[in-house]
Amino acid sequence: MKYVLAVLFLFNGLVCLPGYAAGPEPAAGTVANVSGRSKVVFQVSDNDEGKWNLTLNNVKNIQAALGAANVDIEIVAYGPGISMLKFDTPVGNRLQEALQAKVKIAACENTMAAQKLRKEDMAPSISYVPAGIVEIIKLQQQGYAYIKP
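Note that the sequence shown covers residues -21 to -1, 1 to 128 in mature numbering (1 follows the signal peptide of the UniProt record, and there is no 0).
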């Protein structure tokens, strides 16, 4: 009986010890200490101004929390979300602010072709990718965190 109890205590210690060694979880509402460079890709595929603003708010908040110099952020718009990047977009000023803050903003050329959009129809200074969804896949393979507000 003593032998069984000793084995159980030993087993319990081996199973639980790694959890204690990891340290405490960050408190809710705080940003964990992130070392190194962070990478984030945002998918915009909805024709919804509220979601566009949410995306741009998230971008700004991430840069504020981690430091703009410590994070690479790319916004990829395709499908109905391409409207976010049109020349007359209601979020045009915010797009320019994001671009000035070194955020890469990319439009899907497949979507542009399907909607008969030209680069002249799009917001100035944005980038272009052949296929938005493929760009997101490639970025995830490179370690980018994926967010779709």
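Note that beta-carbon positions come from the ideal geometry of N, C-alpha and C, so glycine has one too. Here the structure is a predicted model, which is why all the values come from computation and not from measurement.
Query - Pick from Ala77, Ser104 and Val108 that is closest to Asn40, judged by C-alpha positions - result: Ala77
Requested in this report: Classify Lys127 as helix, strand or coil using the three-state DSSP reduction.
Outcome: coil
Requested in this report: Using three-state DSSP, classify residue 183 as helix, strand or coil.
Outcome: Not covered by the structure: residue 183. The range shown for the chain is -21 to 128.
Query raised in the report: In its own chain, which residues sit with a C-beta less than 6 Å from the C-beta of Pro109, not counting the 5 before and 5 after it?
Result: Glu88
Report task. List the endpoints of the continuous alpha helix (DSSP H) containing Lys39. Result -> Glu28 to Leu45
Requested in this report: Please report how far the alpha carbon of Ala126 lies from the alpha carbon of Gly15, in whole angstroms.
Outcome: According to the sequence as given, residue 126 is Ile; it is not Ala. Using only the alpha carbons, I get a separation of about 20 Å.
**Report entry** DSSP state of Ile112 mapped onto helix, strand, coil
**Finding:** helix
**Report entry** Pro69 versus Ile116 - alpha carbon distance
**Finding:** 28 Å
Query raised in the report: Quick one: is Gln22 buried, meaning 16 or more other Cβ sit within 10 Å of its Cβ, or exposed?
Result: buried
Requested in this report: Measure the CB-CB distance between Leu64 and Met101 and report whether it falls below 7 Å.
Outcome: yes
Query raised in the report: Exposed or buried, Gln121, counting other C-beta atoms within 10 Å across all chains shown (16 or more means buried)?
Result: exposed
Query raised in the report: How long is the line joining the alpha carbons of Val38 and Pro103, rounded to whole angstroms?
Result: 19 Å
Query raised in the report: Taking Ser62 as the reference, which of Ala86, Tyr107 and Asn49 has the closest Cα?
Result: Ala86
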